[in-house]
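> Here the working numbering is used: the first residue of the sequence shown is 28, the next is one more, and so on.
Beta carbons: idealized from backbone N, C-alpha and C, even for Gly.
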Amino acid sequence: MKSRSVRVHLVRPPLDTAARQGRFGHARPCPAYAGLRGLDTGEWAGLTLDEVAAETPEALDAWLTDPGYAPPGGESVDALIARVGAELAALPPGTHRAEVEQAVVRAAVVHALELPAAAFWRLDVRPDSVTTLTGRAGRWNLLVGRPREELPGT
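(1) Whose CA, out of Gln-48, Arg-166 and Gly-52, lies closest to the CA of Ala-117?
(2) Tell me Trp-167's beta-bridge partners as DSSP assigns them.
(3) Can you find the residues in the same chain that come closer than 7 Å, C-beta to C-beta, to Pro-120, ignoring five residues on each side of it along the sequence?
(4) If we count the other Cβ atoms within 10 Å of its Cβ and call it buried at 16 or more, is Met-28 buried or exposed?
(5) So the candidates are Phe-51, Cys-57 and Gly-62; which of them puts its Cα closest to the Cα of Pro-99?
(6) Using a Cβ-Cβ cut-off of 8 Å (strictly less than) and excluding sequence neighbours within five positions of Pro-40, which residues of its own chain qualify?
(7) Can you tell me which of Val-79, Asn-168 and Asp-151 puts its alpha carbon nearest to the alpha carbon of Leu-140?
(8) So what's Arg-133 in DSSP terms, helix, strand or just coil?
(9) Taking the alpha carbon of Asp-67 as the point to measure from, which residue in Gly-101, Gly-73, Arg-133 and Val-35 has its own alpha carbon closest?
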């Protein structure tokens with residue numbers, strides 16, 4: 028009997044120059060998985076957190092505290108979680124690999140574990156890492172950790 032399970036490996040690439048400078052991204056596409064494209068930060072794309080804070084501190088505070096708030100011309104954390112959740116729900120059985128931004132991994136974990144949207148800001152995802160979700164019939168599990176022997180120096 029063939030398994031109906033879904034396994035999703037969300038791969039976060041190494042930091043690029045803009046990310047190392049703390050700049051908002053440009054909704055990086057995810058080939059083959061349109062719903063897993065990066066967060067649309069609208070008019071803030073390309074700016075640093077400090078630049079946005081200096082120009083519109085109230086808007087930045089709203090974005091960081093209200094999951095329903097969207098940056099000018101962008102999308103809210105709530106919208107991102109819904110979009111990523113819809114993409115996960117539509118995946119056919121099998122194993123999938125997608126290279127995605129940190130925000131997409133955060134949104135996927137929040138959706139999969141049915142966490143409150145505010146938990147989005149409490150999740151950090153290391154660059155150049157893999158987060159794995161497995162699911163069946165709308166129920167997701169998060170694979171955390173890896174065998175000790177895979178760690179350097181052991």
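By the coordinates alone:
(1) Arg-166
(2) Gly-162
(3) Ser-30, Arg-31, Ser-32 and Val-33
(4) For Met-28, the predicted model reports a pLDDT of 42, less than 50, meaning its position is unreliable; a value from the coordinates is still stated below. Exposed, by the Cβ-count rule.
(5) Phe-51
(6) Glu-126, Pro-154 and Asp-155
(7) Asn-168
(8) helix
(9) Gly-101
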